[in-house]
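Counting in the numbering used here, the sequence shown runs from 963 upward without gaps. Glycine included, every Cβ here is placed at the ideal spot set by N, Cα and C.
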Amino acid sequence: MNNVLLHKTTKKGNIRYYNIEVIATLFEEYIVERTYGNIRFKSYTGKRNNVFSSYDEAQDFFKKIKKQKINKGYL
């Protein structure tokens, strides 16, 4: 559905990433999945899922999180 991959470089030279994705389930629900971490590590640092009953709610949440991360310096 929707997917965006954001990244930023810290002052120490580490590259952080933040992936936000909207996924439709078989039960007519929508999940906003957020995965984040540092590219130096093999696995992600964290993963969070939020479940919504309508696509519009999921889309609004997706846009809100994306805006917050862009304001924090992610591109």
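Distance, Cα to Cα, Y998 vs K1028?
Counting from one through the sequence shown, the residue named residue 998 turns up at place 36. Counting from one through the sequence shown, the residue named residue 1028 turns up at place 66. Whole-angstrom Cα-Cα distance: 13 Å.
If you draw a straight line from the alpha carbon of R1031 to that of L968, how long is it in whole angstroms?
Residue numbering aside, residue 1031 sits at position 69 when the sequence shown is read from its first letter. Residue numbering aside, residue 968 sits at position 6 when the sequence shown is read from its first letter. The question names Arg, yet the displayed sequence has Lys at residue 1031. Whole-angstrom Cα-Cα distance: 8 Å.
Any contact between the segment 983 to 994 and the segment 1016 to 1026? By contact I mean 3 or more CB pairs, one from each, below 8 Å.
yes
Where do the N-terminal and C-terminal ends of the beta strand (DSSP E) with Y1036 fall, by residue?
Position 74 of the sequence shown, counting from 1, holds the residue named residue 1036. Bounds of any beta strand (DSSP E) do not take in Y1036, whose DSSP letter is neither H nor E.
Between which residues of its own chain and G1008 is the CB-CB distance below 6 Å, once the five residues before and five after are set aside?
Residue numbering aside, residue 1008 sits at position 46 when the sequence shown is read from its first letter. Within the same chain, G1008 has close Cβ partners Y998.
Could you name the residues of the same chain whose beta carbon sits closer than 6 Å to that of R906, not counting the 5 residues immediately before and after it, in chain order?
This structure leaves residue 906 out entirely; the chain is present only between 963 and 1037.
Counting C-beta neighbours from all protein chains within 10 Å, is the total for F1003 16 or more, i.e. buried, or is it exposed?
Taking the first residue of the sequence shown as 1, we reach residue 1003 at position 41. F1003 should be labelled exposed.
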